[in-house]
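Numbering (UniProt numbering), first residue to last: 1 to 154.
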């Protein structure tokens, strides 16, 4: 396992904005912005969206690809945790390879605010607009930053 960056992805509010799409559908322009984060960085994308409780990872990836997503979904956070942030922290504690070569930076794309203990890795998306250019820039800055150290940061 190499030190690829990890992007935790919510869908509602991130890839569909209330003002952009009425909040109900995946929006091509927002998915193109996700591609701007994932493709040049070779980030692993881990689904943290509530969609994971209703659809399989393969179904969600197929829906994303239909609208223009060019990456892949590499996994999903556990569903038992009481908050998104705790689910992400649990995923990171159990991430394959953590005790060997570890992983690179961690970025969370989400419109929710419950990211403790990882608020400092959170790109807070405005649900009205979904993923904006400034969010892409912030995510790319996180990815270009220091590798994530779970011993220090969790």
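Ideal Cβ placement from N, Cα and C applies to all residues, glycine included. Small disclaimer: the values here were computed from a predicted structure and weren't measured.
In the three-state reduction of the DSSP assignment, residue 16 falls in the strand class.
DSSP, reduced to helix, strand and coil, places residue 125 outside both helices and strands of the structure shown, so it counts as coil. The alpha carbon of residue 49 has as its nearest neighbour, out of 68, 42 and 79, the alpha carbon of 79. Residue environment analysis places residue 106 among the buried positions, since at least 16 neighbouring C-beta atoms fall within 10 angstroms of its C-beta. Under DSSP, the beta-bridge partners assigned to residue 75 are 46. Distances from the alpha-carbon of residue 138 to those of 118, 127, 109 and 115 put 109 closest. In the three-state DSSP reduction, residue 54 falls in the coil class, being neither helix nor strand.
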